[in-house]
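Right, one structure below, let's go through it.
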Amino acid sequence: MSSCCFSGYFHKGSPKGSVSKFGSQNVETYITGPEPEQASGAILFVCDAFGISLNNNLVIADFYAQHTGARVYVPDFFNKRDALVQLNGLPITAPEHKDFIPKFLAEFDPRADRTFELARDAAKVIKEAHPGQKLAAIGFCWGGPAAMHLGSEDPPADARADAVGWAHPTSLELPGDFQKLTKPGVFLACEKDPRMSPEERHTVEEEMNKLAEKQIYTTLRYFPGVAHGWSTRGDELNEYAARAARDAHITASDFFSVEFRGNH
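Here my numbering is used: position 230 in the sequence shown is 243, and no number is missing along the way.
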């Protein structure tokens, strides 16, 4: 992770869901959308480093619920110690935070066993609450590896997502994360991203071609002119950036809606 993972803009909007304890580990979780019985499916939304403290993440989760008819779960995997809390109103470039990134990663590594364990636990409990329905998992920045993990061959079947996605992910292992993928996926990349170079994006495309040979459907959408974090922390007052963010979420939510319906 780098400084681009810890900066951005605040978005307006009032969250429509509520926060409650969820899962076997009682993780505080923002939940939005219809009750399981009325939902089209379930979405596990794995946040960027700002967690559920960032209003943006909550109103974006509301968008996914509204656009798909799914119930959306946004767990606080940072246990109230996300980047927004720890930065305490100061920018990542402030002298007080010169060692912030390595310290944060030491506590919250996006690829740590503990992170993947929390993701599996959340997925398992969500699936239990939605019998007969499908689960999608999407990760933003810090959350990208966890979403890929849930769509891989590694978790047990009762903790595996039926579809996955990410936007501007950090800390992916390429090509390994794609070589393990067994589920459909929607991936959102951008032009200005120090966490995914053009060469790495090309590797993603090559691995997607191999997945196609196995009849595992994936799609990658590229957004020129925007930078890492655009989908969750972009400037909503900038018409271009706001459209790119909205189009990203429409792309992912449409993909999940098709998976929920099952009529590909």
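Backbone N, C-alpha and C fix where the C-beta goes; we use that ideal spot for every residue, glycine too.
- One alpha carbon belongs to Leu-250, the other to Cys-154, and they sit about 22 angstroms apart.
- For the 8 angstroms CB-CB criterion, Leu-57 and Ile-114 do not form a contact.
- Inclusion of Cys-203 and Ala-240 in the CB contact set at 8 angstroms is warranted, their separation being smaller than that value.
- Only buried fits Lys-137, as 16 or more other CB atoms lie within 10 angstroms of its CB.
- Cβ-Cβ separation between Ala-160 and Phe-117: approximately 20 angstroms, too far for a contact (criterion under 8 angstroms).
- Under the 10 Å beta carbon count, Ala-225 is surrounded by fewer than 16 other beta carbons and is classified as exposed.
- In summary, Ser-27 is exposed, with fewer than 16 beta-carbon neighbours lying within 10 Å of its beta-carbon over all protein chains present.
- Comparing C-alpha distances from Asp-95 to each of Lys-196, Ala-107, Ile-65 shows the shortest one belongs to Ile-65.
- Closest option to Glu-213, judged by alpha-carbon separation, among Tyr-230, Lys-227, Tyr-235: Tyr-235.
- With fewer than 16 other beta carbons inside 10 angstroms of its own, Ala-107 counts as exposed.
- The residue from Gly-242, Gln-192, Asp-206 with its alpha-carbon nearest to that of Glu-218 is Gln-192.
- Per DSSP, reduced to three states, the secondary structure at Leu-67 is coil, with no helix or strand assignment.
- Between Ala-74 and Tyr-43, the C-beta spacing is below 8 angstroms.
- Contact between Gly-238 and Tyr-253 holds, since their C-beta atoms are separated by about 6 angstroms, short of 8 angstroms.
- Nearest in C-alpha terms to Leu-131, of all of Arg-256, Phe-91, Pro-104, Lys-227, is Phe-91.
- Shown here, Cys-154 sits in a helix according to DSSP, grouped into three states.
- For Lys-116, the secondary structure class from DSSP, reduced to helix, strand or coil, is helix.
- DSSP places Arg-84 in the uninterrupted beta strand (DSSP E) bounded by 84-88.
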